[in-house]
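So the structure is just underneath, and the comments pick up after that.
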């Protein structure tokens, strides 16, 4: 069985340069998949709304077998 990718997570908040690396198992409790959170999880340019969707994604081409997937945490912006 191929090794699962690690997630290179960046926070896209004002002036933040935070970055972390998680293994796939950590993502379930560490990423804000809760729809009530004010943050979107974007993996390799695609919005991912749940841990189950993330697991589905890493099992498919072109993500299958990659060493790292890039994840951005993007806050919702409200107002006008």
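Residue numbers (the numbering used here): 1 to 80. Positions of the beta carbon are idealized from the N, C-alpha and C atoms, including for glycine. Every value quoted in this text rests on a predicted model; they were computed, and no experiment measured them.
Excluding its 5 nearest sequence neighbours in each direction, residue 4 has C-beta neighbours in its own chain below 6 Å: 24, listed in chain order. Rounded to whole angstroms, the gap between the alpha carbons of residue 53 and residue 69 is 14 Å. As a beta-bridge residue in DSSP terms, residue 6 pairs with 68. In the DSSP annotation of this structure, residue 51 is not part of any beta strand (DSSP E); the continuous alpha helix (DSSP H) holding it starts and ends at 51-58. When the beta-carbon positions are compared, residue 74 and residue 43 stay at least 8 Å from each other. Taking a 10 Å sphere around the C-beta of residue 27, we find 16 or more other C-beta atoms and assign the residue as buried.
Distances from the alpha-carbon of residue 6 to those of 63, 47 and 37 put 63 closest. Residue environment: residue 33 is assigned as buried (16 or more neighbouring CB atoms within 10 Å of its CB, all protein chains considered).
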